[in-house]
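Every position in the sequence shown, counted from 1, becomes a number in the numbering used here once 198 is added.
In this text, a Cβ means the ideal position worked out from N, Cα and C, and glycines have one as well.
All values derive from a computational prediction rather than experimental measurement.
Notes follow once the structure below has been shown.
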Amino acid sequence: MKTFNFENTAERTEFMAYKEGEPKKAQEIIDGEHKKAESYALLHQYDKISMEYALATITDPNKRFVQYPEALRLIGELKDKKVLDIGCANGTFTKMIKGAGAVEVVGCEPSENELKKARDEEASNPQDIEYISSYAEITAGKKFDVVTAIMVIPAVNQEQMEEIFSNTANLLKDGCKFVALTLNPAFKRFGEVVNNRKFSKREDGRIGIDFYNEKGEVYMSIIDTNFSKAQIEKTANDAGFEGIEWENLKISSAGIKELGAEFWDGYEEDCPYIGFIARKN
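What follows is the structure, encoded as structure tokens:
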């Protein structure tokens, strides 16, 4: 089916004529354009907050004391492993993977601003990490021992999630694993400030997240997709992965020591995030 560029006057006119003749097909085209706009908005929202997000990847307690250490725990031994880090942002976690012993690390990031930060850091402080903007830049036939995606699944829609699992399955060696962190579908404390963020249910079914600084001011807001476990498991299985292992996340001892037990009160019992491991058949 032909697609139309609605910014082009001639194509707009052609579409209107098409709509008069075949309204059902015209509606399919409109729906397709809406999906493309939705996909773009979800993936590229971080371009608008790149400075704030870059700071959060380094200073945010949830990342420092939960997400990063727990992701490394789920990955396991990294010595001599080849790793692809999907949605690597400015490369903060990607560098941790390299530092943990991986022999080859590739970070993939679609956001131009975040990718530039990662590449600039690699140029000034070389760690032998390659940063790319899409799967298409990966050498044909190349395979990885581990693929990671830290809070990437919530930043996409269903179609994009299917692409992630499909591409990951093609890039993983047989028997190897895809390790990801995502929103916890069982999380309950919506509307409350949990540590330094507040989760809110939106009318469109997605989750709005406001991030607060030490003064109690919102410094960054994002919109995420809260997939159910069943949705993620089906997508993984359809792509050729074996059953997913779900992992509850724990707070590191360093996090409790630095911020105190009160800061983390109720966190592990109702954690906003959860990890999973999917193994390629």
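Integer-rounded CB distance, given that residue j should sit under 8 Å from residue i
{"i": "Gln265", "j": "Tyr465", "result": "That belief does not hold up - the Cβ atoms of Gln265 and Tyr465 are roughly 12 Å apart, past 8 Å."}
{"i": "Lys371", "j": "Ile327", "result": "That pair is no contact at about 20 Å."}
{"i": "Phe439", "j": "Phe376", "result": "7 Å"}
{"i": "Val350", "j": "Leu282", "result": "Not really, about 12 Å apart at Cβ, beyond 8 Å."}
{"i": "Ile442", "j": "Ile475", "result": "7 Å"}
{"i": "Asp408", "j": "Lys396", "result": "5 Å"}
{"i": "Lys296", "j": "Val303", "result": "5 Å"}
{"i": "Gly473", "j": "Leu369", "result": "20 Å between Cβ atoms; not a contact."}
{"i": "Ala254", "j": "Met418", "result": "7 Å"}
{"i": "Pro324", "j": "Thr423", "result": "Not quite, the Cβ-Cβ distance comes to about 36 Å (not below 8 Å), so this is no contact."}
{"i": "Gly289", "j": "Glu319", "result": "6 Å"}
Range of the contiguous beta strand (DSSP E) that encloses residue i
{"i": "Ile472", "result": "471-477"}
{"i": "Lys399", "result": "395-399"}
{"i": "Trp444", "result": "443-446"}
Neighbourhood of residue i by C-beta distance below 6 Å, restricted to the same chain and skipping five residues each side
{"i": "Gly278", "result": "In the sequence on display, residue 278 carries Asp and not Gly. Taken in chain order, the residues that qualify are Val301."}
{"i": "Cys469", "result": "Asn382, Leu447"}
{"i": "Gly299", "result": "Leu276, Lys277"}
{"i": "Ile330", "result": "Cys306"}
{"i": "Pro267", "result": "Ser450"}
{"i": "Ala338", "result": "none"}
For residue i, the first and last residue of its enclosing alpha helix (DSSP H)
{"i": "Ser426", "result": "Per DSSP, Ser426 belongs to no alpha helix (DSSP H) and is neither H nor E."}
{"i": "Ser451", "result": "451-457"}
{"i": "Glu268", "result": "266-273"}
{"i": "Lys296", "result": "290-297"}
Counterpart residues of residue i in DSSP-defined beta bridges
{"i": "Tyr410", "result": "Val416"}
{"i": "Thr346", "result": "Asp283, Val377"}
{"i": "Ile330", "result": "Cys306"}
{"i": "Ile405", "result": "Lys399, Asp422"}
{"i": "Phe439", "result": "Lys478"}
{"i": "Val392", "result": "Arg395"}
Residue i Cβ short of 7 Å to the ligand FAD heavy atom set
{"i": "Gly458", "result": "Among the ligands in the structure shown, none appear at all, so the ligand FAD cannot be discussed."}
Contacting residues, own chain, Cβ-Cβ under 7 Å from residue i (five flanking each side not counted)
{"i": "Leu457", "result": "Pro259"}
{"i": "Glu390", "result": "Lys396"}
{"i": "Thr433", "result": "Met359, Glu360, Phe363"}
{"i": "His232", "result": "Interpretation of His232 is limited by its pLDDT of 43, a score under 50 that renders its predicted location unreliable; no figure is taken from the coordinates."}
Nonlocal neighbours in the same chain, by C-beta distance under 8 Å from residue i, ignoring five residues either side
{"i": "Ser237", "result": "Bear in mind that a pLDDT of 47 at Ser237, under 50, signals an unreliable position, so the model cannot answer this."}
{"i": "Tyr333", "result": "Cys306, Asn365, Leu369"}
{"i": "Arg400", "result": "Gly406, Ile421"}
{"i": "Glu445", "result": "Glu268, Leu272, Ile472, Gly473, Phe474, Ile475"}
*Let me know the beta strand (DSSP E) ranges lying completely inside the stretch 350-388, each 3 residues or longer, listed in chain order.*
Listed in chain order, they are 370-381.
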